[in-house]
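If you read the sequence shown in the numbering used here, its first letter stands for residue 158, the second for the next number, and so on.
Ideal Cβ placement from N, Cα and C applies to all residues, glycine included.
Just so we're clear, the structure is a prediction, and the values are computed from it rather than from any experiment.
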Amino acid sequence: VKIYLNNAASAWPRAPGVAEAIVRTLETPPSHPGRSVSCCVDVITQCRESLARLLGGVSAERIVLTMNATHSLNIAILGMALQKSDMVVTSVTEHNSVLRPLHHLQSRNGIQIRKIRLDSHGSIDVAEYRSALADKPRLVVLNHVSNVTGRIQDVASLLALAKNAGAVTILDASQSLGHIPLRADELSADIIVFTGHKGLHGPAGTGGMYVSPGIELEQFYVGGTGVRSDLSMHPTEMPIRLEAGTPNVPGLSGLATALQWYESNGEALRETEHQQSILLRTGLRDTSGIRLYGDDGDDFSKHIGITSFRIDGWDVEETGFVLQESFDIICRTGLHCAPLIHEAIGSAPEGTVRFSVSGFTTREEIDTALAAVRNLAS
Ligand SMILES: Cc1ncc(COP(=O)(O)O)c(C=O)c1O
Numbered sequence: 158v159k160i161y162l163n164n165a166a167s168a169w170p171r172a173p174g175v176a177e178a179i180v181r182t183l184e185t186p187p188s189h190p191g192r193s194v195s196c197c198v199d200v201i202t203q204c205r206e207s208l209a210r211l212l213g214g215v216s217a218e219r220i221v222l223t224m225n226a227t228h229s230l231n232i233a234i235l236g237m238a239l240q241k242s243d244m245v246v247t248s249v250t251e252h253n254s255v256l257r258p259l260h261h262l263q264s265r266n267g268i269q270i271r272k273i274r275l276d277s278h279g280s281i282d283v284a285e286y287r288s289a290l291a292d293k294p295r296l297v298v299l300n301h302v303s304n305v306t307g308r309i310q311d312v313a314s315l316l317a318l319a320k321n322a323g324a325v326t327i328l329d330a331s332q333s334l335g336h337i338p339l340r341a342d343e344l345s346a347d348i349i350v351f352t353g354h355k356g357l358h359g360p361a362g363t364g365g366m367y368v369s370p371g372i373e374l375e376q377f378y379v380g381g382t383g384v385r386s387d388l389s390m391h392p393t394e395m396p397i398r399l400e401a402g403t404p405n406v407p408g409l410s411g412l413a414t415a416l417q418w419y420e421s422n423g424e425a426l427r428e429t430e431h432q433q434s435i436l437l438r439t440g441l442r443d444t445s446g447i448r449l450y451g452d453d454g455d456d457f458s459k460h461i462g463i464t465s466f467r468i469d470g471w472d473v474e475e476t477g478f479v480l481q482e483s484f485d486i487i488c489r490t491g492l493h494c495a496p497l498i499h500e501a502i503g504s505a506p507e508g509t510v511r512f513s514v515s516g517f518t519t520r521e522e523i524d525t526a527l528a529a530v531r532n533l534a535s
């Protein structure tokens, strides 16, 4: 039996009923929205409506469904149509799905990028952030929760500062939606990007974003929509303004089921994740020969269930390999697609061993994982 501690990459198990929903869709004659009256219209509407409720009651019309958070971030960042003179403020905690689209624009259009560093607690350095905002960036993109340390940033106040400075704000909620309650109206985020296969326990290949009213992203990805086929240009109304082509209907039916399940079970899921995370963190901290990264002592309120560490004398890749081969524990090692944070937290250039729990992780699994780490540490 494998112990799965790689939920930050992709959650497992999926929510109950997800696999069955996907199989059911694949076993039913396919149909597409607008192309026929079909169950898939319901699935897509269900996803939009559940996500709109989950974000605190936003309009379902403003929920765009995509393949994953990376897809959403590309649509959002490229849709800003940034010019050479534009400045973007972001941070060193960002995932490559934010950094690479920005670097791409930097090399193509010459945009300027300011990457705010972290203070000693792993939080964005507010003084540096404020001084960057004084230069009037057009766009601010911030990660809500680090996929390396699990640290929750105070994005409500950070994004409010950005709005006051006149910037458009994008929140990368890939590691927060499903893990912590999130309300769009309390966040000053113009765009909230999320994924289906992590905290929501849906299938890979699903994701989306909330685009608040008044934000009109440029379309760079256009094509068939199944509706308004008479138009020579892609429709401009939301949400199809930012969607084109045949959607991932099997995946979205899985996501709709996951969301439905989450609406009744999310609170308990989050509470269990929090408890297991405390067990894991304290257990690792109490083990000699272990170094934790981005730890906050006993303040567990600032982390979701992601813990990064290293065992003295062990290479991180080797640790992951031995944990998998000898102990049946699946985790992730290295830079975790977030190359810049490691300098800040002291884990460059190798990165970390990352254990990420979910609300499905059991106490026994945590105990077994801790025993394995202790074994290697000694
Ligand atoms: C913080 C963060 N942003 C973005 C992503 C990209 O998510 P997706 O795999 O859905 O594209 C991830 C995935 O690891 C992530 O951790």
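- Inside the region 278-313, DSSP marks whole alpha helix (DSSP H) runs of 4 or more residues at positions 283-290, from first to last along the chain.
- Take the alpha-carbon of Trp471 and the one of Val479: they are about 10 angstroms apart.
- At a threshold of 7 angstroms, Thr444 does not count as near ligand 1, since its beta carbon sits no closer than that to any of the ligand's heavy atoms.
- Leu162 sits close to Ile487, with the two beta carbons spaced by under 8 angstroms.
- Rounded to whole angstroms, Asp243 and Ile268 show a C-alpha spacing of 5 angstroms.
- Looking at the DSSP output, Leu222 sits in a beta bridge with Gly365.
- Residue Glu206 holds the alpha-carbon nearest to the alpha-carbon of Leu416 among Asn225, Glu206 and Arg427.
- Residues of the same chain with a CB within less than 7 angstroms of the CB of Leu533, apart from the 5 flanking positions on each side, are Ile468, Trp471, Thr476 and Val479 in chain order.
- Around the CB of Gln240, fewer than 16 other CB atoms lie within 10 Å, so the residue is classed as exposed.
- In the three-state scheme derived from DSSP, where H, G and I count as helix and E and B as strand, Thr439 is classed as helix.
- Judged by DSSP in its simplified three-state form, Gly491 adopts strand.
- Contact holds between the region 451-464 and the region 300-312, because three or more Cβ pairs, one in each stretch, are under 8 angstroms apart.
- The C-beta distance from Arg427 to His336 rounds to 6 angstroms, short enough to fall under 8 angstroms.
- The straight-line gap separating the alpha-carbon atoms of Ile234 and Arg271 is approximately 15 angstroms.
- Checking the 7 angstroms criterion, the Cβ of Gln240 is out of range of every heavy atom belonging to ligand 1.
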